[in-house]
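Under the working numbering, the sequence shown is numbered contiguously, ending at residue 452.
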Amino acid sequence: MPKDLQEYMKKTEYCEYIAGEWDSDLSDERKRLMEDEINIYCKKANELFYELKEKYKDDLRKMEIINKHSELIRYYTEKPIE
371 MPKDLQEYMK KTEYCEYIAG EWDSDLSDER KRLMEDEINI YCKKANELFY ELKEKYKDDL
431 RKMEIINKHS ELIRYYTEKP IE
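Printed below as a string of structure tokens:
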């Protein structure tokens with residue numbers, strides 16, 4: 371599997387993980403740290419989604435992986451996944 375696709379998968383999975391760890395009872399400092407991580411990993415995953423979608427548009431297997439993992443970041447991104 372190409373490294374860029376592996377990176378995308380890792381970032382989407384981590385984005386989902388860290389967003390799932392969010393809790394309103396966390397300290398303000400921990401919330402800020404988590405927000406920073408969400409902004410870094412989810413934003414990069416979102417950017418990679420569009421890059422890889424274009425790059426692998428003719429490869430059905432890779433597009434299946436890209437689209438499957440896009441579900442993990444659908445609600446954690448600045449630019450909605452289409």
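Even glycine gets a Cβ: it sits at the ideal position worked out from N, Cα and C. If you're wondering where the values come from, they're calculated on a predicted model, not measured in any experiment.
Bounds of any alpha helix (DSSP H) do not take in D395, whose DSSP letter is neither H nor E. Setting aside the 5 residues that flank it on each side, L422 is surrounded in the same chain by D374, L375, Y378, K432, I436, each with a C-beta closer than 8 Å to its C-beta; the list follows chain order. Ranked by Cα distance from C385, the options K438, Y426, K414 are led by K414.
When L442, Y387, F419 are compared, the shortest CA-CA separation from E405 is found for Y387.
DSSP places R444 in the coil class of the three-state scheme, outside both helix and strand. Selection D393, A389, Y426, D428 evaluated against C412 yields A389 as nearest (Cα-Cα).
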